[in-house]
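Heads up: the structure comes next, in structure tokens.
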Amino acid sequence: MHARATARNAARTYMMSITACIILLSGVCLSIIAWPDASSAATTNAVLVQPATGGYLGSALELAQRKTLASQGVEPYKSAMSNVTSFANGKLSSSPKPQEPLNITGTTGAFVDDTATAYGLALAYSTSGDVKYAQKSRDFIMAWVNTTKTTVNACPDSGSCQTSLIIGRVGPGFVFAANLIKPSGALSAADDTAFRNWLRTVILPTASTRNNN
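Reminder that position 201 of the sequence shown reads as 397 in the working numbering, one-by-one numbering, no gaps.
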């Protein structure tokens, strides 16, 4: 019972962090949106919400725009920004839990948690400019790069094994994080090379080769 409750709580925390990230990165529309200025309900400013440019899931430009909206008290960006910062601050004292070999048997666990943590910290860096978040994000990424060299329960020929499924679902979080923290310098050239090699030799081989996957 306790184990099930712990799993539910972990899943809930993960989903809350991802939801905040999605809200922070998403626009309500894909074009120009007119929002009321928080300082005066009678005054409206047209805010251009850009599509993704210069990033994978989101760009620094998009995040800067969301930060501006949040500072004006515009929802849902104000709450999303607060949630991302709170999430990241809570992770500064945490440690990654890399595994060797990586064998994922369920839908939760260290790999799921650590990819979300790395990405959440990277978002906090990109919106605040505080390098401590970038450094911590880098630590989570590189802990897995330096530890995990093999996988178990992966089946690229079918894609139906749990390790393949979960790596395919949450693994990109490390890539999104690395992309966002690049301007900080936290991820060195040697780190970047090691990370790319790890993706190529450990992570990508687990991906399904089926056309419908």
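Glycine residues also receive a C-beta, built at the ideal position from the N, C-alpha and C atoms.
Since the structure is predicted, the reported quantities are computational estimates derived from the model, not experimental observations.
Candidates the options, of which the one nearest residue i by Cα
{"i": "Ala256", "options": "Ala390, Asp388, Asn393, Ile377", "result": "Ile377"}
{"i": "Val327", "options": "Gly381, Asn279, Thr346, Arg406", "result": "Gly381"}
{"i": "Leu361", "options": "Phe283, Gly269, Gly302, Ser322", "result": "Gly302"}
{"i": "Val398", "options": "Leu383, Asn375, Ala314, Leu298", "result": "Leu298"}
{"i": "Cys357", "options": "Ser289, Gly254, Asn407, Ala403", "result": "Ala403"}
{"i": "Ser282", "options": "Arg396, Glu271, Tyr329", "result": "Tyr329"}
{"i": "Ile300", "options": "Thr346, Ser267, Leu253", "result": "Thr346"}
Exposure of residue i, with buried meaning 16 or more beta-carbon neighbours within 10 Å
{"i": "Ala320", "result": "buried"}
{"i": "Arg334", "result": "buried"}
{"i": "Gly316", "result": "buried"}
{"i": "Arg262", "result": "buried"}
{"i": "Gly269", "result": "exposed"}
{"i": "Leu265", "result": "buried"}
{"i": "Val371", "result": "buried"}
{"i": "Ser322", "result": "buried"}
{"i": "Leu191", "result": "Look at the range of the chain in this structure, 197 to 409, and you will see that residue 191 is not part of it."}
{"i": "Lys332", "result": "buried"}
{"i": "Asp388", "result": "exposed"}
{"i": "Asn279", "result": "buried"}
{"i": "Val348", "result": "exposed"}
{"i": "Thr359", "result": "buried"}
Span separating the alpha-carbon of residue i from that of residue j
{"i": "Glu258", "j": "Ser275", "result": "16 Å"}
{"i": "Val308", "j": "Phe391", "result": "18 Å"}
{"i": "Ala284", "j": "Ser354", "result": "36 Å"}
{"i": "Lys287", "j": "Thr313", "result": "7 Å"}
{"i": "Pro292", "j": "Ala374", "result": "15 Å"}
{"i": "Gly367", "j": "Phe336", "result": "13 Å"}
{"i": "Gly364", "j": "Ala350", "result": "11 Å"}
{"i": "Glu296", "j": "Ala306", "result": "12 Å"}
{"i": "Pro379", "j": "Ala318", "result": "11 Å"}
{"i": "Glu271", "j": "Ala386", "result": "40 Å"}
{"i": "Leu383", "j": "Gly325", "result": "15 Å"}
{"i": "Met277", "j": "Gly369", "result": "18 Å"}
{"i": "Thr405", "j": "Leu395", "result": "16 Å"}
{"i": "Ser289", "j": "Asn407", "result": "42 Å"}
{"i": "Asn342", "j": "Ala260", "result": "32 Å"}
{"i": "Trp340", "j": "Asn393", "result": "12 Å"}
{"i": "Thr344", "j": "Asp310", "result": "13 Å"}
{"i": "Pro352", "j": "Thr304", "result": "21 Å"}
{"i": "Tyr273", "j": "Gly254", "result": "15 Å"}
{"i": "Pro294", "j": "Ser267", "result": "36 Å"}
According to DSSP, residues forming a beta bridge with residue i
{"i": "Asn183", "result": "The shown model of the chain, from 197 to 409, leaves out residue 183, and the question about it has no answer."}
Neighbour flag for residue i against chain D, beta carbons, 9 Å
{"i": "Val341", "result": "Any reference to chain D falls outside this structure, which holds one protein chain only."}
Whole alpha helix (DSSP H) elements within the segment 330-370, 4-residue minimum: 358-366
Every unbroken alpha helix (DSSP H) inside the segment 248-321 [4 residues or more]: 256-267, 273-287
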